[in-house]
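>
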Amino acid sequence: MNYRLLAFLLFLTAPLLAQEPSADRIQKHIEKLASDKMKGRGTGSRENAKAATYIARHFRKYGLKPLGDDGYYQHFTARVRRVVVTDSVRKAANVIGFLDNGATNTILIGAHYDHLGTGNQGSSLAENAQGQIHNGADDNASGVAGLLELAQYYANNGVKEPYNILFMGFGAEELGLLGSRHFLNHPTLPLDRLNFMICMDMIGRYDPNRGVGIGGYGTADAWPDVFKDVTAGIKFFTDRAGNGGSDNAAFYAKQIPVLFFHTGGHPDYHKPGDDPEKIDAKAEEEILRLEIKVIDNAMKLPKMTFTPVK
């Protein structure tokens, strides 16, 4: 064996391999975002702002271009409506990074980073919820970890894709998809240049009996071609509907094709028990590898045409 040649080939491939999705990095992102110190990332809280800063710092590290109205941030006002609180009006922000490949059209990859805080903004399913930290490891630190892993991969894979990619951490999803709706009403790039939207919400509690669900399969006639011959290290299934579940619903309402990746409900949903140690980071790594295959296949095709799901 020519060890010098082998060493040279390993040297060339090491940067790409380093950008592949990593269970270790996924777990570290989730442990950071869903620690007790982050107090559940409730909208308007100091900890929610810290989560936004965490995302922006990684976007900057990956070399993404800021595409908010204030650097990486797109600020907006959110309102708590499900319960009566004295501080119902709260500051929020989307975090937006842009991979500019000089293309005409763009795909969007997104995940919301807010959660329920200490149970004082509604939506908790726990008894005596107020005062209890809802860490939201699966919902949705897992999706943010996926967002950051995909951002790192595409920003540093050495490939100039035929589409630009917009990476977005949505704020105030738990208050009613407020961040995604704000972006769609105040877009920082033309919406008619968006090809499709990928949404990740709760991708950290993989059940091998169920598999990972992929909603939105019916939102474009091209999706069956995209998924043709796609295989994965985990079980997955598709669902035609694209108008429910998470921020993908806001994009569907604007007639933009979507895919929504999720590993399904569990007993800790919207409860204080949604903690980092319950995450299956290795399975999430495989989910992200599946997403890369799907995204890469989709980028080989012309811009999609939206189809409503009946």
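With mature numbering (1 follows the signal peptide of the UniProt record, and there is no 0) as the guide, the letters of the sequence shown map in order to residues -18 to -1, 1 to 292.
The C-beta atom is built at its ideal place from N, Cα and C for all residues, glycine as well.
Since the model is a prediction, treat every value here as computed from it, not as a measurement.
(1) Along the beta strand (DSSP E) that carries N139, what are the first and last residues, could you check?
(2) Run through DSSP, which three-state label would K285 get?
(3) DSSP state of T(-6), grouped into three classes?
(4) Is it true that the CB of H164 sits closer than 7 Å to the CB of G195?
(5) List the whole-angstrom C-beta distance separating S105 from H248, where the pair is believed to meet the contact cut-off of C-beta under 8 Å.
(6) Can you tell which of G161, G22 and R175 has the C-alpha that lies nearest to the C-alpha of A60?
(7) Can you pull the DSSP bridge partners for F152?
(8) Which residue spans inside the segment 161 to 228 form an unbroken alpha helix (DSSP H) run of at least 4?
(9) Considering just the uninterrupted stretch of the alpha helix (DSSP H) at L272, what are its terminal residues?
(10) Could you check where the alpha helix (DSSP H) with residue 334 kicks off and where it finishes?
(11) Are the segment 271 to 283 and the segment 205 to 216 in contact at 8 Å, needing three or more beta carbon pairs?
(12) Alpha carbon to alpha carbon, how far is T220 from E2? Give it in angstroms, no decimals.
(13) Are S4 and G99 close, meaning C-beta to C-beta below 7 Å?
(14) Within 10 angstroms of the Cβ of R63, are there 16 or more other Cβ atoms? Answer buried if so, exposed if not.
(15) Per the DSSP calculation, A108 is bridged to which residue(s)?
(16) Using a Cβ-Cβ cut-off of 6 Å (strictly less than) and excluding sequence neighbours within five positions of P48, which residues of its own chain qualify?
(17) Is A31 near the ligand GDP, judged by its Cβ being under 6 Å from some heavy atom?
(18) For T86, is the classification buried or exposed, using 16 other Cβ atoms within 10 angstroms of its Cβ as the cut-off for buried?
Checking against the coordinates, here is how it stands:
(1) That residue, N139, is in no beta strand (DSSP E); it is neither H nor E in DSSP.
(2) The answer is coil: DSSP assigns K285 none of H, G, I, E or B.
(3) Confidence in T(-6) is poor, its pLDDT being 46 and thus under 50, which makes the residue's placement unreliable; the coordinate value appears in the next sentence. If DSSP states are grouped into helix, strand and coil, T(-6) belongs with the helices.
(4) No, the pair does not count as a contact, with Cβ atoms beyond the cut-off.
(5) Contact flag wrong, Cβ pair sits at about 16 Å.
(6) Closest by alpha carbon: G161.
(7) The partner list for F152 (beta bridge, DSSP) reads H94.
(8) Correct list: 205 to 209.
(9) A263 to A280 is the extent of the alpha helix (DSSP H) around L272.
(10) Because the chain spans -18 through 292 in this model, residue 334 falls outside it and cannot be assessed.
(11) Short answer: they touch.
(12) Between the C-alpha atoms of E2 and T220 there is a straight-line separation of about 24 Å.
(13) No, Cβ-Cβ distance for S4 and G99 is not below 7 Å.
(14) Looking at its Cβ environment, which holds fewer than 16 other Cβ atoms inside 10 Å, R63 is exposed.
(15) Note: A108 sits in no beta bridge, so no partner.
(16) Excluding positions up to five away in sequence, the list reads Y54.
(17) This structure simply doesn't include the ligand GDP, nor any ligand for that matter.
(18) Counting Cβ neighbours within 10 Å, T86 comes out exposed, since fewer than 16 surround it.
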